[in-house]
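A.B. asks: In the numbering used here, the protein residues as written are 1376 to 1697. Attaching a single structure in structure tokens format; questions to follow.
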């Protein structure tokens, strides 16, 4: 198939595009041209690269026409964040493209009422990002149900892998959390440590996208979670991570007010966004309909990311063997 990927040099595209090329597909990548994929692969030499300013073309209402003009069989949209942008693309591709595959997020769900979450679980999303991802998922499901464009949305957890900082056991991106765990220093933890984080390796997300593309009939009109098969509690995650450095974590459980008083506002807000949701998303539907089989446990996905950061001097820590 001829596949156009919008934003293919990000976390998931780094793995997805080589998968698609290896499977024999013709791939065109649209990006702003500001980023290389996180890991090199010879498959990129066989990818047509086009520079596009998606935001500017959305404003001008030209983006969907540009994408459709490339005559793809499938469009994979990795960087759509508003319902308005999604609607513009759907309207422009309807009747011209066989399949649109959208990258959502498990933040289409709000705080868990019961676990695991399923794709149709009734929760109330919050925050602009989560609310918009929920709206896009509904838009796509309704579009296909009405007999319009065939669509699929896939919803990753906290994407991890080599080349970028993963969400840490406090639910934020503060690098000092890793150094505290590596040194055995006390670590203030908001809440009781039972809150959930649900990571996934970027290559497992890419697997989900490839399966949706190559199983269009099963994926048509569906939303799927693409995460690791298990989730981590804050306490358990900290124990895993400290063990990578030959340590036992020294955790101090504190109120949210105290945590905020001791934490930079940016990181405190990130922690609240992740831990207040406390999500564990089931992959049963993706497994049943697509054959999705994530290879990485969440702790393994994060460890690979931390090892990369340590090797490249972005974290001043040393992991133990094993």
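Note that CB positions come from ideal geometry on N, CA and C, so glycine has one too.
When you compare each of 1604, 1581, 1565 to residue 1573 by their alpha carbons, which one comes out closest?
C.D. replies: Here residue 1573 is taken as the residue at index 198 of the chain shown, counted from 1. Selected option, being the one with the closest Cα: 1604.
A.B. asks: How would you label residue 1668, buried or exposed, when you count the other beta carbons within 10 angstroms and need 16 or more for buried?
C.D. replies: To locate residue 1668, count along the chain shown from 1; it is residue 293. Label assigned to residue 1668: exposed.
A.B. asks: What are the boundary residues of the beta strand (DSSP E) that includes residue 1535?
C.D. replies: Translated into positions along the chain shown, residue 1535 becomes position 160. Note, residue 1535: beta strand (DSSP E), 1533-1535.
A.B. asks: Less than 8 Å separating the beta-carbons of residue 1596 and residue 1520?
C.D. replies: If you number the chain shown from 1, residue 1596 lands on position 221. If you number the chain shown from 1, residue 1520 lands on position 145. The answer is yes: Cβ separation under 8 Å.
A.B. asks: By how many angstroms is the C-alpha of residue 1462 removed from the C-alpha of residue 1664?
C.D. replies: Residue mapping note: residue 1664 aligns to position 289 of the chain shown, counting from 1. Residue mapping note: residue 1462 aligns to position 87 of the chain shown, counting from 1. Using only the alpha carbons, I get a separation of about 26 Å.
A.B. asks: Between 1535, 1459, 1553, 1656, which lies nearest to residue 1498 when the distance is taken from Cα to Cα?
C.D. replies: In the chain shown, the residue the question calls residue 1498 occupies position 123. Out of 1535, 1459, 1553, 1656, 1656 has the C-alpha closest to the C-alpha of residue 1498.
A.B. asks: Please list the terminal residues of the continuous beta strand (DSSP E) segment that includes residue 1450.
C.D. replies: To locate residue 1450, count along the chain shown from 1; it is residue 75. Note, residue 1450: beta strand (DSSP E), 1449-1452.
A.B. asks: Take residue 1407 and list the residues in its own chain whose beta-carbon comes closer than 8 Å to its own, dropping the five residues that flank it on each side.
C.D. replies: Position 32 of the chain shown holds residue 1407. Hits under 8 Å: 1426, 1427, 1428, 1429.
A.B. asks: List the DSSP bridge partners of residue 1402.
C.D. replies: As a position in the chain shown, residue 1402 is number 27, starting the count at 1. DSSP lists 1378 as partners of residue 1402.
A.B. asks: Span of the beta strand (DSSP E) holding residue 1625?
C.D. replies: The residue labelled residue 1625 in the question sits at position 250 within the chain shown. Segment 1625-1629, the beta strand (DSSP E) holding residue 1625.
A.B. asks: Report yes if the C-beta distance between residue 1581 and residue 1436 is below 8 Å; otherwise report no.
C.D. replies: Within the chain shown, numbered from 1, the residue matching residue 1581 stands at position 206. Within the chain shown, numbered from 1, the residue matching residue 1436 stands at position 61. No, these two residues do not count as a Cβ contact at 8 Å.
A.B. asks: Put residue 1669 into one of helix, strand or coil per three-state DSSP.
C.D. replies: Sequence index remark: in the chain shown, residue 1669 carries index 294 (1-based). In the structure shown, residue 1669 sits in coil (DSSP, three-state: anything other than H, G, I, E or B).
A.B. asks: From the DSSP secondary-structure annotation, give me the bridge partner or partners of residue 1572.
C.D. replies: Translated into the one-based positions of the chain shown, residue 1572 becomes position 197. In DSSP, residue 1572 forms a bridge with 1607.
A.B. asks: Of all the options 1673, 1633, 1598, which has the alpha carbon lying nearest to the alpha carbon of residue 1483?
C.D. replies: The residue given as residue 1483 occupies position 108 in the chain shown. Taking only the C-alpha atoms, the option nearest residue 1483 is 1598.
A.B. asks: Can you grab the Cα-Cα spacing for the pair residue 1458 / residue 1465, in whole Å?
C.D. replies: The residue labelled residue 1458 in the question sits at position 83 within the chain shown. The residue labelled residue 1465 in the question sits at position 90 within the chain shown. If you take the alpha carbons of residue 1458 and residue 1465, they lie about 10 Å apart.
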